[in-house]
Structures are given as C-alpha cells and as structure tokens.
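Have a look at the structure below, then the notes.
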Amino acid sequence: MHSPSLFNVIKILEPVETKTILNQLLLYIIKRAGTNILVISCYNMTISYKGLNMEKLSETELYTWHFLEDNRAKVQLSSITECAELSHVSTATIVRTLKKQGYDGYSDYKNSLKHSGNPSLLRVNGLSDEANAFIYRNLEEVLRTISLLDVDNLTQIVKRIDKAEQIVLVARDSGEDIGDDLMHRLQSAGKIVVSRYYDNMEEYAKKMTTSDLMLALSFTGKETIIANAAKKAKNRGATVISLICDYNNELSDVSDLILLGYKSKLEKDVFNEDEESSIPLELLCRIMMDMYMIYKEKGTIRD
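Sequential numbering from 1 applies to the sequence shown in the UniProt record's numbering.
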C-alpha cells in the first residue's frame, strides 16, 4: 500500500454537511488509495446513502438484493416483471427488498443505477476511466458493506464479545494480518484473545468451551480448515461469529452470527484471489471494534 503522505488536496463539490460520515469514509478511502486526489464530486451522493439504515433482510430478500446488484446491466434494461422472472422471485419481493434498502421502488432503483455510473462521482484527475473505476471501487466497497449492517446483529455480536471468557481468532492468508490487528485491539480492550492461523486451529477448536467465542475471518468462507474449525468449536458449545464477504458457504451455515462485507465484482475479474481488496474485511473489523468500545462505555449501541 502506498504511503498516505501522498494524500494531498481535496475539494468537495456540493458537500452535504449533515452527512459527516460520508466525508470520513472518503478520507479513509483516499488514504487507503494512496494517491493525490484533486477533485471529489459529491453530485447526487444521496443515492449512495440509500440502504445505510436498511431494515433487516430475510434470506430471500438478501438473495434478491445480491441478484439486483450483481446484474445491474440486465436490471437497467428490464421491467420489474422481467427482472422477477430472471431472479425467480415475485415482483412483490423485489419491491419489498428495495424499500427496505431505502428506495421508493423499482423505478427509483433503476434511476440510481444510471447516476451511479456517473464518472464525476469520484474521479482522480489525469487517470484513465479504467483506473478511476478501481478508485471508485473502494468507495463502493465501503458504502455497500455498511448497507449490509444490521443493528440486531451488531448488538448480539458485541454482547457475545463482552461475555466471552476467551476469544479464538481464526483466519488464513491475507486475512491473517487483519486478524493480528483485530487481536491486538481486542486485547487492548481487556479481552483474552489467541490467534490460530495454521493446521492447529482445528485441534485448538476441540478444546473450546461454552464460555468461549470463535471469530472467523474469511473473504470467501470457503476455506475448509476454517469451516472445520468452526464446526468443532460449535460442537463444543462455543459461539461462532464470522466476518465474511460471501453469504452462501459452509462457514456461513455453521456460524451463529455473521457480519457480511461487500467485495467488488470488478476486482474478481482482474485480480487473483490473493490480491483482492482487504477493505471490506478491514472495515467490518473496525466497525465491530468501534461498536464494542461504545457498548463497553454506554452499555448499548442503540439510540
């Protein structure tokens, strides 16, 4: 990652002062990008805020949301009836899902897709359209990861963390560095935390008790060793919480609670798995820790 010292001049066009969280996210993204940002246009940025306070989605609604997001080009060319046929859900399910995400309906969502492709939304002067697409990818991952948050889920997670006598953190490959940072932050908050990144994670899981908590970090949820360790921990009565970027997998099925991140479809077509963005998983860890610290101080994270 390039040094944040390259971060230079920011100009916000059409700022929305009441939405300070957006400015904080932009600063975070720009520092992570490690580049000189000259102009950031917040044109029609309210569109990106839709879904940030979404209601909890059912499994069918979550499937519907992922289908809509993964098939934007088809959605823009399809009526709601055609989209329902393509996704094998009812038009009522589509409308209900979009309303929970903050949209007025299907037409409102389609209009937002047109604006989301506006290159002035986040653009670095002097870079090609392709390069700017990857810059925007960072903003997209942050906003959509936040859109998947659920207050009930977060509340249960911070309570389980606070109650756990011991936390066992498991991860593999690029998730290990993220796991190390999370472990140190949890330890600084007074928790007993151990990390297991290699073959012994399954053996260690066999020794866990009902008072323990396993935190599993995974981009795909498909690492067999992590899923097996989670199963063994669950069999011992321990709580399993997973931070993942893919919903349909064995790790998700065995977990008691899940924090789901959004991983850009753009990078899946270009990068190898080991080179994928770590932003969604890093952001989930950061949010989880921030919520836990608020819970420790206030006793709740709800308004």
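Note that beta-carbon positions come from the ideal geometry of N, C-alpha and C, so glycine has one too.
Values in this document were obtained by computation on a predicted structure and should not be read as measured data.
Exposure label - residue i; buried when at least 16 CB within 10 Å
{"i": "Ile258", "result": "buried"}
{"i": "Ser90", "result": "exposed"}
{"i": "Val75", "result": "buried"}
{"i": "Val240", "result": "buried"}
{"i": "Asn200", "result": "exposed"}
{"i": "Asn138", "result": "buried"}
{"i": "Ala238", "result": "buried"}
{"i": "Gln187", "result": "exposed"}
{"i": "Arg144", "result": "buried"}
{"i": "Thr224", "result": "exposed"}
{"i": "Glu297", "result": "exposed"}
{"i": "Gly299", "result": "exposed"}
{"i": "Gln131", "result": "Per the sequence shown, the amino acid found at residue 131 is Ala instead of Gln. It is exposed - the Cβ of Ala131 has fewer than 16 other Cβ atoms within 10 Å."}
Terminal residues of the beta strand (DSSP E) in which residue i lies
{"i": "Gln166", "result": "Gln166 to Val170"}
Nearest-angstrom Cα separation, counted from residue j out to residue i
{"i": "Gly190", "j": "Leu154", "result": "19 Å"}
{"i": "Ser87", "j": "Phe67", "result": "7 Å"}
{"i": "Pro119", "j": "Ser107", "result": "The predicted model places Pro119 with a pLDDT of 44, which falls under 50 and marks its position as unreliable, so this point remains unresolved."}
{"i": "Ile157", "j": "Arg236", "result": "19 Å"}
{"i": "Tyr109", "j": "Tyr262", "result": "18 Å"}
{"i": "Ala216", "j": "Thr210", "result": "17 Å"}
{"i": "Asn23", "j": "Tyr204", "result": "Unreliable placement is indicated for Asn23, whose pLDDT of 48 sits below 50; the coordinate value is still reported in the next sentence. In a straight line, the C-alpha of Asn23 is about 42 Å away from that of Tyr204."}
{"i": "Glu85", "j": "Leu77", "result": "13 Å"}
{"i": "Cys245", "j": "Asn125", "result": "31 Å"}
{"i": "Asp212", "j": "Val193", "result": "10 Å"}
{"i": "Cys285", "j": "Ser277", "result": "14 Å"}
{"i": "Tyr103", "j": "Arg72", "result": "15 Å"}
{"i": "Ile167", "j": "Gly105", "result": "42 Å"}
{"i": "Arg196", "j": "Tyr292", "result": "22 Å"}
{"i": "Cys42", "j": "Lys114", "result": "With a pLDDT of only 35 at Cys42, under the threshold of 50, the placement of this residue in the model should not be trusted; the figure read from the coordinates follows. One C-alpha to the other measures close to 15 Å."}
{"i": "Val95", "j": "Asp303", "result": "28 Å"}
{"i": "Ser147", "j": "Leu62", "result": "12 Å"}
{"i": "Phe219", "j": "Ser174", "result": "9 Å"}
{"i": "Ile135", "j": "Ser264", "result": "11 Å"}
{"i": "Leu127", "j": "Ser255", "result": "42 Å"}
{"i": "Trp65", "j": "Ser79", "result": "16 Å"}
{"i": "Leu172", "j": "Glu202", "result": "Just to set this straight, residue 172 is Arg in the shown sequence, not Leu. Each residue's alpha carbon lies about 13 Å from the other."}
{"i": "Thr97", "j": "Tyr247", "result": "17 Å"}
{"i": "Glu176", "j": "Thr60", "result": "32 Å"}
{"i": "Ala164", "j": "Ala92", "result": "41 Å"}
{"i": "Ser252", "j": "Asp162", "result": "22 Å"}
{"i": "Ser242", "j": "Met214", "result": "8 Å"}
{"i": "Asp70", "j": "Arg123", "result": "23 Å"}
Start and end residues, alpha helix (DSSP H) containing residue i
{"i": "Arg123", "result": "Run containing Arg123: none; DSSP gives neither H nor E here."}
{"i": "Ile301", "result": "Run containing Ile301: none; DSSP gives neither H nor E here."}
{"i": "Thr76", "result": "The identity of residue 76 in the sequence shown is Gln, whereas the question assumes Thr. Its alpha helix (DSSP H) spans residues Arg72 to Leu77."}
{"i": "Asp129", "result": "Asp129 to Ser147"}
{"i": "Leu86", "result": "Ile80 to Ser87"}
{"i": "Leu98", "result": "Thr91 to Lys100"}
Nearest-angstrom Cβ-Cβ length linking residue i and residue j, presumed shorter than 8 Å
{"i": "Pro280", "j": "Glu140", "result": "Their Cβ separation, rounded to whole angstroms, is 10 Å, which puts Pro280 and Glu140 out of contact at 8 Å."}
{"i": "Val170", "j": "Ala229", "result": "5 Å"}
{"i": "Ala233", "j": "Glu250", "result": "Actually they are not in contact, since the Cβ atoms of Ala233 and Glu250 sit about 14 Å apart, beyond 8 Å."}
{"i": "Tyr295", "j": "Ile301", "result": "5 Å"}
{"i": "Leu149", "j": "Met289", "result": "Actually they are not in contact, since the Cβ atoms of Leu149 and Met289 sit about 14 Å apart, beyond 8 Å."}
{"i": "Leu57", "j": "Lys100", "result": "6 Å"}
{"i": "Glu82", "j": "Ile178", "result": "Going by Cβ atoms, the distance from Glu82 to Ile178 rounds to 40 Å, so no, they are not a contact pair."}
Check: residue i C-beta below 7 Å from any heavy atom of the ligand NAD
{"i": "Ile192", "result": "With respect to small molecules bound, the structure shown includes none, and the ligand NAD cannot be examined in it."}
Checklist entry - What runs of the alpha helix (DSSP H), each 4 residues or longer, lie entirely inside the UniProt domain "SIS" (157-276)? => result Runs of the alpha helix (DSSP H) inside the UniProt domain "SIS" (157-276): 175-188, 200-205, 224-235, 250-254 and 265-268.
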